[in-house]
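So the protein sequences, as listed, match chains L and Z. So the first sequence is numbered by the UniProt record's numbering: it starts at 1 and just counts up by one. So the second sequence is numbered by the UniProt record's numbering: it starts at 1 and just counts up by one. Using N, Cα and C, we set each Cβ at its ideal position, and we do this for glycine too.
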Amino acid sequence: MWQGGPVTTERRLLAGWGSTAPTAADVMSPASLDEVVKAVGDAPARGVLPRGLGRSYGDAAQNAGGLVVDLTGCTRVRRFDVEAGVIDVEAGLSLHTLMRQVLPFGWFVPVTPGTRYVTVGGAIGADIHGKNHHVEGTFAQHVRSIDLLLASGEVRTVTPDDDPDVFWATAGGMGLTGIVLAATIQLLPVETSLMSVDTERAANLDALLDRLATTDDRYRYSVAWIDLLARGARMGRSVITRGDHARLDQLPRRKRVEPFAFSPHPLASMPAGIVPPGLLNKATVAAFNELWYRKAPADKRGQLQSIAAFFHPLDLVDRWNRIYGRPGLVQYQFTVPYGAEDVVRTAVDRLSAAGSPAFLAVLKRFGAGNPGPLSFPSPGWTLALDLPTNMSGLARLLDDLDELVVGAGGRIYLAKDSRLRPELLPAMYPRLDEWRDVRSRLDPAGTFASDLSRRLDL
Amino acid sequence: MINALGSPQSLLLLGGTSEIGLALAHKLIADRCRRVVLAGRPSHRLDEAADELRAAGAQVDVVPFDAEDADSHPTVVEKAFVEDIDLAVVAFGVLGDQSEAERSGTHAVKIAATNYVGALSVTVPVSQAMQRQGHGAIVVLSSVAGERPRKANFVYGSSKAGLDAFATGLGDALQGTGVHVLVVRPGFVRTKMTAHLEPAPLSTTPEQVADAIVQGLRRRKETIWVPGAMRFVMSALRHVPRPLFRKLPV
Chain L
1 MWQGGPVTTE
11 RRLLAGWGST
21 APTAADVMSP
31 ASLDEVVKAV
41 GDAPARGVLP
51 RGLGRSYGDA
61 AQNAGGLVVD
71 LTGCTRVRRF
81 DVEAGVIDVE
91 AGLSLHTLMR
101 QVLPFGWFVP
111 VTPGTRYVTV
121 GGAIGADIHG
131 KNHHVEGTFA
141 QHVRSIDLLL
151 ASGEVRTVTP
161 DDDPDVFWAT
171 AGGMGLTGIV
181 LAATIQLLPV
191 ETSLMSVDTE
201 RAANLDALLD
211 RLATTDDRYR
221 YSVAWIDLLA
231 RGARMGRSVI
241 TRGDHARLDQ
251 LPRRKRVEPF
261 AFSPHPLASM
271 PAGIVPPGLL
281 NKATVAAFNE
291 LWYRKAPADK
301 RGQLQSIAAF
311 FHPLDLVDRW
321 NRIYGRPGLV
331 QYQFTVPYGA
341 EDVVRTAVDR
351 LSAAGSPAFL
361 AVLKRFGAGN
371 PGPLSFPSPG
381 WTLALDLPTN
391 MSGLARLLDD
401 LDELVVGAGG
411 RIYLAKDSRL
421 RPELLPAMYP
431 RLDEWRDVRS
441 RLDPAGTFAS
451 DLSRRLDL
Chain Z
1 MINALGSPQS
11 LLLLGGTSEI
21 GLALAHKLIA
31 DRCRRVVLAG
41 RPSHRLDEAA
51 DELRAAGAQV
61 DVVPFDAEDA
71 DSHPTVVEKA
81 FVEDIDLAVV
91 AFGVLGDQSE
101 AERSGTHAVK
111 IAATNYVGAL
121 SVTVPVSQAM
131 QRQGHGAIVV
141 LSSVAGERPR
151 KANFVYGSSK
161 AGLDAFATGL
171 GDALQGTGVH
181 VLVVRPGFVR
191 TKMTAHLEPA
201 PLSTTPEQVA
211 DAIVQGLRRR
221 KETIWVPGAM
231 RFVMSALRHV
241 PRPLFRKLPV
């Protein structure tokens with residue numbers, strides 16, 4: 001037990017969602033923002049880091065030997081302008097709870113990733129994107145202001161207009177510029193809580209790239225799932241799902257009575273320690289992929305789906321990451337500019353040749369980037385995949401892919417990274433020094449630190 | 001930091017001229033390891049080893065370290081941990097001369113003082129420093145010789161048995177601290193230390209042991225045997241009755 005001021009801390013082992021490389025930190029769980037401010041005032045030598053729901057795959061929310069401030073207890077809604085759809089919330093509020101609060105009033109979160117269980121603070125720190133990036137950019141682009149706790153102890157209200165340097169260094173800054181205490185978000189108006197979804201299949205990767213490139217602009221949300229185990233002529237076969245929020249007149253009459261119904265619950269929970277080793281192998285994943293591909297309609301238009309089914313299918317199984325067992329998983333997500341389709345092709349080819357037991361491989365197109373020097377998305381393709389860490393040859397395979405990505409002017413996503421060679425970071429993020437300048441101005445003593453920042457020398 | 005796939009970025013090699021340790025260091029530098037602290041008795045060989053690691057691309061610090069001088073060990077560890085150490089390898093050890101050790105208590109004690117007492121006195125402060133930093137891995141080079149004493153080298157074997165028991169227990173005690181202990185039990189390794197001996201069956205090389213350690217770290221193993229088949233051989237040998245065991249040509 002370490003007593004840092006009036007708040008109790010507890011030494012705990014923390015890992016990311018991939019369950020790899022756990023490290024121990026003193027964790028405090030403040031009940032109010034005032035307690036957070038006090039804790040940063042007494043920062044220990046190995047620094048402080050905010051943590052939300054721990055959905056970053058790698059080590060972004062770990063601070064070995066230091067202090068970790070668990071913000072999931074700070075979830076107050078401070079102000080909600082129902083007319084304008086502007087909400088001011090504490091940073092620990094999850095997108096799940098936020099959706100539940102605002103949907104009944106006809107509003108939706110502007111951007112959601114593949115899980116609802118991320119906090120607002122984490123969404124800003126990782127500058128998350130969703131299936132609507134090509135139309136609406138990242139989460140931070142819908143944030144009107146943030147209350148940022150600086151290393152000096154000062155709480156500054158930062159807006160993109162008044163303080164663009166600090167705002168955009170914080171968006172995508174992985175919690176290293178300060179602690180986001182609260183944020184004001186512009187919400188998206190919706191008429192219903194359902195999605196109108198078009199599903200189609202693509203027989204191979206070329207068909208997929210072509211299909212997305214020519215028709216993506218017609219949809220607000222767009223994503224493709226790829227069967228990474230399909231080889232030969234079927235390499236890159238995939239299921240494309242795209243859609244938009246359903247209008248009221250698209251709902252059947254009986255559903256119009258309660259158009260904003262939203263009560264998602266996990267269907268099941270993955271218990272700890274029962275997964276037999278080797279459950280995820282080429283045969284089981286190939287069988288799953290075959291089923292997933294076959295069950296998707298070859299071409300279906302205007303299907304009504306719930307928000308949970310369309311955006312967050314993995315949330316249906318609580319703690320689904322446990323299916324990877326003790327060794328855990330790495331998620332590899334990269335982006336390359338338009339014109340570098342060959343890198344996507346080579347990556348899919350090498351991964352399928354390696355027999356990657358990946359049942360989550362997702363391709364999508366990014367739109368314009370934002371001013372954040374460490375923001376991940378920029379115009380081009382992005383491929384994300386989950387891979388079991390015990391897959392043989394994985395380290396070498398991913399190192400080779402990194403080189404291809406850098407060679408094409410692309411980058412990998414820090415919120416998901418757990419294994420990048422630090423030397424490649426400046427080439428992936430050419431504005432890294434600009435970010436470092438802002439950070440050292442805000443935090444000259446390096447009060448904010450994480451395992452990610454140590455590993456990549458951020 | 002050690003990454004998700006078990007690759008460390010900094011290494012403390014206790015026993016800076018250990019052939020297994022240096023083979024491991026070269027493999028880790030080829031991956032992502034950038035800082036190496038070589039702790040060993042000052043010598044021409046130690047300087048040469050440091051230069052080779054520098055040529056391979058690492059930043060190398062040399063720290064004088066004498067396994068028998070337990071009082072100096074906290075200072076050695078302090079010097080190494082001026083920055084985080086991701087991986088510490090306890091790689092030093094002496095084979096000694098069995099027949100001399102049977103005749104001379106002084107010689108027997110010298111073997112134990114290096115292999116067992118020295119390892120304890122340096123590994124305890126290493127494990128403390130790693131717990132403070134909240135992460136790290138400790139690799140302890142034990143030996144199959146510690147698994148069942150045989151008359152040909154039971155003094156060396158007993159020192160490794162003590163070390164093995166210590167390292168295994170330490171690994172259990174450090175659960176939940178972010179510090180991982182990997183106990184390595186190689187069979188006969190062909191090195192300078194064993195050059196005068198006839199290689200035993202299933203003998204191995206420093207490179208093979210280093211490869212096995214890299215794999216073991218990647219998979220977060222707690223114990224590995226090198227070669228892997230040694231585990232089954234020793235598991236059988238452990239249960240051979242003593243009257244029979246002492247007649248075996250092992």
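What residues are listed by DSSP as bridge partners for residue i?
i             : result
residue 361/L : 385/L
residue 137/Z : 87/Z and 180/Z
residue 234/Z : None; residue 234/Z has no bridge partner.
residue 90/L  : 182/L
residue 108/L : 188/L
residue 315/Z : With chain Z represented from 1 up to 250, any question about residue 315/Z goes unanswered, as that position is not in the structure.
residue 200/L : 240/L and 299/L
residue 221/L : 243/L
residue 371/L : Answer is none; residue 371/L lacks a bridge partner.
Using the beta-carbon of each residue, which ones in chain Z are nearer than 9 Å to residue i?
i            : result
residue 59/L : 1, 3 and 4
residue 55/L : Per Cβ cutoff of 9 Å: no residues; residue 55/L is ~15 Å from chain Z at best.
Give a yes or no on whether 8 Å exceeds the smallest Cβ distance from residue i to chain L.
i             : result
residue 134/Z : yes
residue 67/Z  : no
residue 9/Z   : yes
residue 177/Z : yes
residue 32/Z  : yes
residue 247/Z : no
Less than 8 Å between the CB atoms is what I'm expecting for residue i and residue j, so what's the real figure, rounded?
i             : j             : result
residue 360/L : residue 398/L : Incorrect: roughly 16 Å between the Cβ atoms, too far for contact.
residue 49/L  : residue 448/L : 6 Å
residue 373/L : residue 434/L : 5 Å
residue 233/Z : residue 197/Z : Actually they do not touch by this definition, with Cβ atoms about 18 Å apart.
residue 130/L : residue 321/L : In fact, because the Cβ distance is near 20 Å, the residues do not count as touching under 8 Å.
residue 10/Z  : residue 85/Z  : 5 Å
residue 146/L : residue 155/L : Not a contact, Cβ separation roughly 10 Å.
residue 199/L : residue 239/L : 7 Å
residue 268/L : residue 134/Z : About 33 Å; that fails the 8 Å criterion.
residue 383/L : residue 363/L : 5 Å
residue 109/L : residue 52/L  : Incorrect: roughly 15 Å between the Cβ atoms, too far for contact.
Interface residues of chain Z around residue i at Cβ under 7 Å?
i             : result
residue 394/L : 5
residue 418/L : 3 and 4
residue 421/L : 32
residue 451/L : 1
Measure from the C-beta of residue i to each C-beta in chain Z and report whether the shortest distance is under 8 Å.
i             : result
residue 17/L  : no
residue 22/L  : yes
residue 127/L : no
residue 330/L : yes
residue 298/L : no
residue 70/L  : no
residue 25/L  : yes
residue 279/L : no
residue 49/L  : no
residue 13/L  : yes
residue 441/L : no
Can you pull the chain L neighbours of residue i, defined as C-beta to C-beta under 9 Å?
i            : result
residue 84/Z : 64, 65 and 454
Show which residues of chain L have a CB atom less than 8 Å away from the CB atom of residue i.
i             : result
residue 219/Z : 327 and 390
Fully enclosed by the segment 31-81 of chain L, which beta strand (DSSP E) runs are 3 residues long or longer?
-> Within the segment 31-81 of chain L, the complete beta strand (DSSP E) runs of at least 3 residues are 48-51, 67-70 and 77-81.
Can you list, in chain order, the stretches of the beta strand (DSSP E) that have 3 or more residues and sit fully within the segment 260-343 of chain L?
-> 299-306 and 329-337, all fully within the segment 260-343 of chain L.
Which runs of the alpha helix (DSSP H) fall wholly inside the segment 99-178 of chain Z and span at least 4 residues, in chain order?
-> Inside the segment 99-178 of chain Z, DSSP marks whole alpha helix (DSSP H) runs of 4 or more residues at positions 105-112, 119-133 and 154-173, from first to last along the chain.
Counting only runs of 4+ residues fully inside the segment 95-174 of chain L, write out the alpha helix (DSSP H) ranges in chain order.
-> At a cut-off of 4 residues, the continuous stretches assigned as alpha helix (DSSP H) that sit fully inside the segment 95-174 of chain L are 95-102, 120-125, 133-136 and 164-170.
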